[in-house]
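Heads up: the structure comes next, in structure tokens.
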Amino acid sequence: MSLDSNCSKELMKFTQGMQVEVLTDEDGLKGAWFAATIIEPSGEDKYLIEYKTLTNDDDTEFLREDIRACNIRPCPPEIIVVDGFKVMDEVDAYYNEGWWVGVIAKVLINCNYVVNFIEYDEKITFNQADLRPHQDWLNGKWVVPSDV
90 MSLDSNCSKE
100 LMKFTQGMQV
110 EVLTDEDGLK
120 GAWFAATIIE
130 PSGEDKYLIE
140 YKTLTNDDDT
150 EFLREDIRAC
160 NIRPCPPEII
170 VVDGFKVMDE
180 VDAYYNEGWW
190 VGVIAKVLIN
200 CNYVVNFIEY
210 DEKITFNQAD
220 LRPHQDWLNG
230 KWVVPSDV
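Shown next, in the form of structure tokens:
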């Protein structure tokens, strides 16, 4: 997903201190959503945010960036997964400090799953604790892709 393709929809207004997720175009991190806090508006349809997990080059403080509003979304609501995931379920996997979209490729024992990241042609094993059902932020609402 290119960042600009995400920018055509109606923009949400964010308030100082709001917990959000941010899509970045940083090399090696494209396509992942990262937890952040809104610090303040920083121009027309832009906000200064502070990441919760990404730090500056010398790891002394959390990274701050000006981000376009269309690349910011509220944190998704928690969906409790009681029976685990099935093959072909679309999930977000917590990896490299962010949430990446993938598909369950294989169910293993002890609540472990092989997740296929199609865009990167890579498969990685995750515990269920590091997965969440994938949701999309569409027209100001959270929707599960099967509901679209």
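Numbers given in the working numbering equal positions in the sequence shown, counted from 1, plus 89. Just so it is clear, CB atoms sit at the ideal spot from N, CA and C, and this is done for glycine as well.
Check, Outcome
"CB contact flag (T144, E150, <8 Å)", "yes"
"DSSP three-state assignment for N160, whether helix, strand or coil", "helix"
"Three-way DSSP call (helix, strand, coil) for Q105 in this model", "coil"
"Proximal residues to P234 (C-beta, below 7 Å), its chain only, five neighbours per side dropped", "E179, H223 and D225"
"CA nearest to the CA of G187, picked from Q105, G117, K102 and T104", "G117"
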